[in-house]
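S.K.: My questions all concern the structure below.
Numbering (our numbering), first residue to last: 348 to 486.
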């Protein structure tokens, strides 16, 4: 058997031990690029043959959109993130995630780039938000 058993979650924050609720993930938007290779050096010689020196330190990137959210749901997600940050200014977080290449869980230290919030409508004391895109990029 390759990898380990799936435990029902895609993301879990290691500091708070909180699982990111799957109900807020638009699953068809979840894109995982695990173990990205980085070229330390790449060049073509005089015969146009490619030579590559690839770093053994692979990096993962996770990108997904939430479902449409109301104010309370967005507050829940932001609170979840806030409790998970190792460094709030850098939006640095440790995340356990499902690695689709290894078919097992891995842990990475990542950062979240700036998040854009788009309002769909305001109703009374509530705001309806369009889906919010979250990106986790491994250090």
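Just so it is clear, CB atoms sit at the ideal spot from N, CA and C, and this is done for glycine as well.
Please work out which residues of its chain come closer than 6 Å, Cβ to Cβ, to residue 391, disregarding the five sequence neighbours upstream and downstream, and give them in chain order.
M.R.: Numbered from 1 along the chain shown, position 44 holds the residue referred to as residue 391. These residues qualify, in order along the chain: 397.
S.K.: When the distance is taken between beta carbons, is residue 370 closer than 7 Å to residue 443?
M.R.: Taking the first residue of the chain shown as position 1, residue 443 is located at position 96. Taking the first residue of the chain shown as position 1, residue 370 is located at position 23. Not in contact: residue 443 and residue 370 (Cβ atoms no closer than 7 Å).
S.K.: Using the C-alpha atoms, what's the distance from residue 416 back to residue 484?
M.R.: Counted from its first residue, the chain shown places residue 484 at position 137. Counted from its first residue, the chain shown places residue 416 at position 69. For residue 484 and residue 416, the distance between alpha carbons rounds to 23 Å.
S.K.: Less than 8 Å between C-beta atoms, sequence neighbours within five positions excluded: which residues of the same chain meet that for residue 437?
M.R.: Here residue 437 refers to the residue found at position 90 of the chain shown. For residue 437, where only same-chain residues beyond five positions count, the Cβ hits under 8 Å are 458.
S.K.: In this structure, what does DSSP give as the bridge partners for residue 441?
M.R.: Along the chain shown, one-based indexing puts residue 441 at 94. Answer is 456.
S.K.: Residue 417 bridges to which residues according to DSSP?
M.R.: By 1-based counting over the chain shown, the position of residue 417 is 70. DSSP lists 475 as partners of residue 417.
S.K.: Use the C-beta contact count for residue 481: other C-beta atoms within 10 angstroms, 16 or more gives buried, fewer gives exposed.
M.R.: Mapped onto the chain shown, residue 481 falls at position 134. Flag for residue 481 reads buried.
S.K.: Going by other Cβ atoms of all chains shown within 10 Å of its Cβ, with 16 needed for buried, is residue 353 buried or exposed?
M.R.: In the chain shown, residue 353 corresponds to position 6, counting from 1. Per the 10 Å Cβ criterion, exposed.
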